[in-house]
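**Q** Before I ask anything, here is the structure I am working with.
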Amino acid sequence: MKNKQIYAVYKGEKFIFDGTVEDVAETLGIKVASVRKLATPSQQARSKTGITIVKLGAEDDADESV
198 MKNKQIYAVY KGEKFIFDGT VEDVAETLGI KVASVRKLAT PSQQARSKTG
248 ITIVKLGAED DADESV
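Here the numbering used here is used: the first residue of the sequence shown is 198, the next is one more, and so on.
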């Protein structure tokens, strides 16, 4: 029952995809630490590629069908 943080990826103002930090890192071809760093407000302001990563919150891993 571990909560996983969900991150959303935007290019400009267009939503591209969302997923766990591992999903985002794999899709973008970068390290997990880089995803976490790029999700900080200071790095979002410096983005030159137009790609923004936003930390949305936690998703519960618990089986909700029970």
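Glycine included, every Cβ here is placed at the ideal spot set by N, Cα and C. Predicted, not measured: the structure shown is a model, and the values here were computed from it.
Cβ of V232 versus every heavy atom of the ligand COA: is any distance shorter than 7 Å?
**A** Only the bare structure without any ligand can be found here, which leaves the ligand COA out of the picture.
**Q** Identify, in the order they occur along the chain, each residue of the same chain with its Cβ nearer than 8 Å to the Cβ of R233, setting aside the five sequence neighbours on each side.
**A** Counting only Cβ-Cβ distances below 8 Å, and skipping sequence neighbours, we find V218.
**Q** Could you give the distance in angstroms between the alpha-carbon of I203 and the alpha-carbon of L235?
**A** Each residue's alpha carbon lies about 14 Å from the other.
**Q** May I ask you to report which of helix, strand or coil DSSP gives E219?
**A** The answer is helix: DSSP assigns E219 an H, G or I state.
**Q** Does the Cβ of V229 have 16 or more other Cβ atoms within 10 Å, making it buried, or fewer, making it exposed?
**A** Counting Cβ neighbours within 10 Å, V229 comes out exposed, since fewer than 16 surround it.
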